[in-house]
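This report refers to the structure that appears directly beneath it.
Numbering (my numbering), first residue to last: 62 to 134.
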């Protein structure tokens with residue numbers, strides 16, 4: 062699961078590394094989401110960051126949550 066909560070939980074559980082998937086929104090923001098589309102079918106590439114669900118973190122938010130772990134992008 063590519064959420065801030067999941068990344069934090071991985072760190073709390075002692076994970077050394079995490080893997081995440083990066084997508085670019087229509088307005089050029091890098092976000093972390095496994096699929097190129099959202100659950101409702103919208104493509105991330107054609108959706109502005111402000112219109113994404115709050116559970117879709119920016120790359121910066123995800124990296125902050127992964128502090129101390131190795132990250133495979």
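Using N, Cα and C, we set each Cβ at its ideal position, and we do this for glycine too.
- Nearest to residue 94 by alpha-carbon distance, out of 76, 81, 68, is 81.
- Between residue 87 and residue 108, the CB-CB gap stays under 7 Å.
- The C-beta distance from residue 127 to residue 75 rounds to 13 Å, too long to meet the 8 Å contact threshold.
- The shortest CA-to-CA distance from residue 83 to any of 131, 66, 105, 101 is the one to 105.
- In the same chain as residue 77, and ignoring 5 residues on each side of it, the C-beta atoms closer than 8 Å to its own belong to 130, 131, in chain order.
- When the Cα atoms are used, residue 96 and residue 121 turn out to be separated by approximately 18 Å.
- By the C-beta density criterion, residue 134 is exposed, having fewer than 16 other C-beta atoms within 10 angstroms.
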